[in-house]
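> To start, I am sharing the structure in question, which I have written as structure tokens.
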Amino acid sequence: MTTALVFHPDFLLHEQSRDHPERRERLSYTIDQIREEGLMHHPAVKVIIPGFASMEAVSRVHHPEYLAFLEHASRTGGFIDFDTNVPPNLLSHALLAAGGAIRAADAVLDGEAENAFALVRPPGHHARPGTGAGFCYLNNMAIMVRHVQQRGLEKVMILDWDAHHGDGTQAFFYEDPSVLFTSIHQSPFYPGSGSIDETGYGPGTGYTANMPVPAGTGDESYTYLLETIIEPFAREFRPDLIAVSAGQDNHFTDPLTGLALTAAGYAGLMKGAVGLARELCEGRLVAILEGGYSVEGGLPYNNLGILAAMAGLDLRSIREPEVYREWLIRVSDPSAHTRVRENAHALRTRLAPYWACFR
Amino acid sequence: MGVWNPDQGGDARMLIGMDVGGTNTDLAMVGEEIVSEKVSNTRGIREALLKIRIPGRLAVSTSTPLNRVLAGTPVTVQTILVPGPGLFWPGGVKGAVNHCGDVVEPIDPQEIREILMRDRGDALAIAGKFSVRNPALEKEIASLAHAQYPVERTSMSYHLADLDFPGRIATTRLNAAMKETVTWLAGEIGAERGDVLFFKGDGGLIPPGYAVNNPSVLAHSSAAAVALGARYLSGITDCTVIDIGGTTTDLVPLLRGVPRMELLVHGGERTVTRAVVAQSFPYGGDSLVEGGLLPRRLGDALAFGGSHPTLTDALNVTGEEIGDAAASRRLSRESATSVIETYLDRISRAVSSIGTRHLVGAGYLAPFLVPGIASRCGVRYTIPPHWDCANAVGVAVSRVSLSLHARFDSGRGWVAFNGEHQPLRSMGDDDALVGICKEEVQKRAIAAGAHPEDVRDIEVLHVHSYDVIRGASRSSRIADVVVQVAPGITVKAP
Chain A
914 MTTALVFHPD
924 FLLHEQSRDH
934 PERRERLSYT
944 IDQIREEGLM
954 HHPAVKVIIP
964 GFASMEAVSR
974 VHHPEYLAFL
984 EHASRTGGFI
994 DFDTNVPPNL
1004 LSHALLAAGG
1014 AIRAADAVLD
1024 GEAENAFALV
1034 RPPGHHARPG
1044 TGAGFCYLNN
1054 MAIMVRHVQQ
1064 RGLEKVMILD
1074 WDAHHGDGTQ
1084 AFFYEDPSVL
1094 FTSIHQSPFY
1104 PGSGSIDETG
1114 YGPGTGYTAN
1124 MPVPAGTGDE
1134 SYTYLLETII
1144 EPFAREFRPD
1154 LIAVSAGQDN
1164 HFTDPLTGLA
1174 LTAAGYAGLM
1184 KGAVGLAREL
1194 CEGRLVAILE
1204 GGYSVEGGLP
1214 YNNLGILAAM
1224 AGLDLRSIRE
1234 PEVYREWLIR
1244 VSDPSAHTRV
1254 RENAHALRTR
1264 LAPYWACFR
Chain B
5 MGVWNPDQGG
15 DARMLIGMDV
25 GGTNTDLAMV
35 GEEIVSEKVS
45 NTRGIREALL
55 KIRIPGRLAV
65 STSTPLNRVL
75 AGTPVTVQTI
85 LVPGPGLFWP
95 GGVKGAVNHC
105 GDVVEPIDPQ
115 EIREILMRDR
125 GDALAIAGKF
135 SVRNPALEKE
145 IASLAHAQYP
155 VERTSMSYHL
165 ADLDFPGRIA
175 TTRLNAAMKE
185 TVTWLAGEIG
195 AERGDVLFFK
205 GDGGLIPPGY
215 AVNNPSVLAH
225 SSAAAVALGA
235 RYLSGITDCT
245 VIDIGGTTTD
255 LVPLLRGVPR
265 MELLVHGGER
275 TVTRAVVAQS
285 FPYGGDSLVE
295 GGLLPRRLGD
305 ALAFGGSHPT
315 LTDALNVTGE
325 EIGDAAASRR
335 LSRESATSVI
345 ETYLDRISRA
355 VSSIGTRHLV
365 GAGYLAPFLV
375 PGIASRCGVR
385 YTIPPHWDCA
395 NAVGVAVSRV
405 SLSLHARFDS
415 GRGWVAFNGE
425 HQPLRSMGDD
435 DALVGICKEE
445 VQKRAIAAGA
455 HPEDVRDIEV
465 LHVHSYDVIR
475 GASRSSRIAD
485 VVVQVAPGIT
495 VKAP
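For the protein sequence lines, the chains are A and B, in the order given. Under this note's numbering, the residues of the first sequence are numbered 914 to 1272, in order. Under this note's numbering, the residues of the second sequence are numbered 5 to 498, in order.
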């Protein structure tokens, strides 16, 4: 098994401001960890340096007016929302991130690798057709999905496990039955959307599934959702590609969120997703990095765990250092799992009219 | 330590290269003219050193004896790994350093003592994840093991400076196996001359202290020596150097004077040590002729007192005069012609596949065989003067080459130069940090014996810096910088 690790040193360059949560420092420790683990030279990992996404690929999902705004703001500086300003040269960094997502998909479609992890910055899943939001400018996931469909794949299943609801990605595919969008996210939380009632519209009805989870949710609940919602759903939908919006802000050390997933939990989730892809679509899986702000704490171990699971490596030492144990105990909420089960039951009921697996 | 002294007079300009080979040691003294000599190894290295009666800078390539150590009776290396969180390594001990160089889990001294009691080897390799950011745990284990493994039989991975734990493990194991021999060689040569430099597989020179900490850089240096020598002697920078030795023929392509380098693989494991790569074929002047050309050596050619005919004898039978040509006549003319054809065919095919336009010949048999290879491939060839000691010339004209991996961390208040922490009181911008690193590597290279003019141009291989944010505000800054004095020919080569 070979995993493509799509990375460009320039992914480290983007910065809205020096002290923004989505800053250079964010991925620097991860890259150190990956280099130190020898994965840049590992026989199971193929490092691929991507190029920029073409404007044609980006225009398939974003409005020309928005792209023109980004182009202009990238010269002068600009403002989208209080979390998201446009620093000089932004468009070039955003096009490189989108290019990373596309290159990851091409590596899988062309048989260079069984699956691929695009370790890109800036992230994309809050970006909608006509605007950016929440640290995101171009929706790397949506651009990648339309790219693979352009290349002939029909059905794509998206699993967005970033702690924040992938509202931007959901918006692109809300009426589209060729793309099954599923999201596990903290709720109530930014951006406020992602309730179980949002299940799609028109021909896309039943093709969106939101799994809101309360603060304090940990590994047990994520495994439960994988096994009881995502796996049966995928088996009935039968995707040609599984795409993971791999946000890593559900880690218990993340300063912006309140979830309690561990590095081992991330590795287990990805192992499950890889197993599903093998079962359903010849292993085709593309993971794209989204959020994750536990810069010095969990992030290097999470990214490593995900990559190791994709490459089929031994996961038994994927963990955080012992010094974080107390933090995990403080963040975890044992009652969260009951809420997760209740929500999952409600979601299954909501989707039962459209899917036999939930009846 | 050999420091250049321009006031020492004419002799100080002499560059002396010594390549300790399998049976002979080649010496080359490069000054206004080049003088070379072969000394039999049967009389020991000190005997070869006594032949050098002039002052000057001595550089030694010890690749062949070191390769023999590696190929001979295996040295049992006990390995202690401190992998910490991350990818799994079997047999790892407790303890962890994180990506920032903080010790986040201590080692358990009792666990280490028990391992040392249970498993014993000839040498000890210690490697911890992120030890290049903080060597404390590796040093602690070395100190616990000291009674069982003295310094010359203990290697630690933090000296290697690269972020690549598996590569450092393989390199540290290789270093542990070689360290005692290199320590002995350094002592042996140092006893005769205090000013020796060692020649590396990447074509650069280092002082003995560096070689002892990372002996792997000395292995497999023959290709670099001949490439550098052939380039210096011929002045040709874009070519393929073809080195015809006793047991092998090696092809080393040069592009703009620089040979291709690869990470050394030892025992199937990739190291972090870069060395010049040659395409090597198991045929040379001593290759046995027995029903055809065989990739084996059974001693010298008949022409040099051996008992079996070789490729060298075949050349004599077809009209050359190498050694005692009359002794070669035991071989039939038909066999001789046939094995020369076989040799030329095989090597020409390899040369053609490289796509070179110019061959530069080195090694004793180059004038006899390279014209035939060039003619078959339709390429030009040059046999430079002193072709038979190009390897020793390459060693002589090489220059000191060092790399420096620096990690600046203003929050923790240290800078790690090649894994060793020093206090960091203030930290400037990226340009200032690169300047500090250039100055540091220049200072180290000159202390190691480099001529100041050789360290004027420092290559900057990597710069990455970022702010460390804690509690939504900037608390400190981190920067990684890698610089090097690249391998090459010293400006003092005439």
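Ideal placement from N, C-alpha and C gives every residue a C-beta, glycine not left out. Quick caveat, the model's predicted, so the values are computed rather than measured.
Enumerate in chain order the residues of its own chain whose CB-to-CB distance from Leu298 of chain B is below 7 Å, with the five nearest sequence positions on each side excluded.
Closer than 7 Å at the Cβ level, and outside the excluded window around Leu298 of chain B, lie Ser291, Leu292.
> Report yes or no: is there a C-beta of chain B within less than 8 Å of the C-beta of Leu925 of chain A?
yes
> If you run the structure through DSSP and keep just helix, strand and coil, what is Pro922 of chain A?
Note: Pro922 of chain A maps to helix in three-state DSSP.
> May I ask you to list, following chain order, the residues of the segment 459 to 482 of chain B that have a beta carbon less than 7 Å from some beta carbon of chain A?
The segment 459 to 482 of chain B vs chain A, Cβ under 7 Å: His468, Tyr470, Asp471, Val472, Ile473, Ala476, Ser477, Arg478.
> Under 8 Å between the Cβ atoms of Leu918 of chain A and Leu952 of chain A?
yes
> Figure out for me which residue from A:Glu978, A:His1060, A:Lys1184 has the closest Cα to the Cα of Thr1044 of chain A.
A:Glu978
> Can you tell which of A:Gln929, A:Asn1053, A:Leu1032, A:Thr989 has the C-alpha that lies nearest to the C-alpha of His921 of chain A?
A:Leu1032
> Return the CA-CA distance between Phe1165 of chain A and Ile111 of chain B, expressed in angstroms with no decimal places.
26 Å
> Under three-state DSSP, which class holds Gln82 of chain B?
strand
> By Cβ distance below 7 Å, which residues in the same chain neighbour Leu1182 of chain A in space, the five residues on each side in sequence not counted?
Trp1074, Tyr1135, Leu1139
> Looking at C-alpha atoms only, which residue of B:Pro212, B:Glu115, B:Val489, B:Leu258 is the closest neighbour of Ala234 of chain B?
B:Leu258
> Along the chain, which unbroken stretches of the beta strand (DSSP E) at least 3 residues long are found entirely within the segment 88 to 158 of chain B?
107 to 109, 127 to 132
> For the candidate residues B:Ala396, B:Asp317, B:Gly125, B:Ser67, whose alpha-carbon lies nearest to that of Ser342 of chain B?
B:Asp317
> For Ala340 of chain B versus Thr314 of chain B, is the C-beta distance shorter than 8 Å?
Contact flag unset, no.
> Beta-carbon within less than 8 Å of Pro1104 of chain A's beta-carbon, same chain only, minus the 5 sequence neighbours each way: which residues are those?
If we look at Pro1104 of chain A and ignore the five residues flanking it on each side, its Cβ neighbours are His1039, Ala1046, Gly1047, His1077, His1078, Asp1080.
> Check whether the segment 241 to 256 of chain B and the segment 344 to 358 of chain B touch, using three or more Cβ-Cβ pairs below 8 Å as the test.
yes
> Helix, strand or coil, according to DSSP, for Arg380 of chain B in the structure here?
helix
> Would you kindly work out how many angstroms separate the C-alpha atoms of Gly95 of chain B and Gly88 of chain B, rounded to a whole number?
11 Å
> Using three-state DSSP, classify Leu258 of chain B as helix, strand or coil.
Strand, per DSSP.
> What is the residue span of the alpha helix (DSSP H) that Arg1263 of chain A lies within?
1249 to 1264
> With DSSP as the reference, label Phe169 of chain B as helix, strand or coil.
DSSP, read as helix, strand or coil, puts Phe169 of chain B in helix.
> My understanding is that Ala1177 of chain A touches Ile1097 of chain A, with C-beta atoms under 8 Å, so please give their C-beta distance in whole angstroms.
Actually they are not in contact, since the Cβ atoms of Ala1177 of chain A and Ile1097 of chain A sit about 17 Å apart, beyond 8 Å.
> Is Asn422 of chain B helix, strand or coil by DSSP?
Correct three-state label for Asn422 of chain B: coil.
> Using only alpha-carbon positions, find the residue among B:Ala127, B:Leu268, B:Ala32, B:Gly132 that is nearest to Val108 of chain B.
B:Gly132
> Under a three-way DSSP split, which group does Ile944 of chain A fall into?
helix
> Determine the extent of the beta strand (DSSP E) in which Gly991 of chain A is found, giving its start and end residues.
For Gly991 of chain A, the uninterrupted beta strand (DSSP E) segment begins and ends at 991 to 994.
> Report the partner residues of Gly21 of chain B according to the DSSP bridge assignment.
Per DSSP, B:Ala32, B:Ala63.
> Indicate whether the contact test is met: 3 or more Cβ pairs, each with one atom in the segment 383 to 399 of chain B and one in the segment 173 to 193 of chain B, closer than 8 Å.
no
> Within 10 angstroms of its Cβ, does Asn1002 of chain A collect 16 or more other Cβ (buried), or is it exposed?
exposed
> Just to confirm the assignment: which complete alpha helix (DSSP H) runs, minimum length 4, are found wholly within the segment 1182 to 1228 of chain A?
1212 to 1223
> Starting from Glu950 of chain A, find everything on chain B with Cβ-Cβ shorter than 7 Å and list it in chain order.
Gly90, Leu91, Phe169
> Could you confirm whether any beta carbon from chain A is found closer than 8 Å to the beta carbon of Glu109 of chain B?
yes
> Note down, in chain order, all residues in the segment 408 to 432 of chain B with a beta-carbon under 7 Å from any beta-carbon belonging to chain A.
none
> Quick check on the burial criterion: 16 or more other C-beta atoms within 10 angstroms. Buried or exposed for Val155 of chain B?
exposed
> Can you pull the chain A neighbours of Ala129 of chain B, defined as C-beta to C-beta under 9 Å?
Around Ala129 of chain B, no beta-carbon contact reaches into chain A at under 9 Å, the shortest distance being about 16 Å.
> What residues match up with Glu273 of chain B in a beta bridge as DSSP calls it?
B:His270
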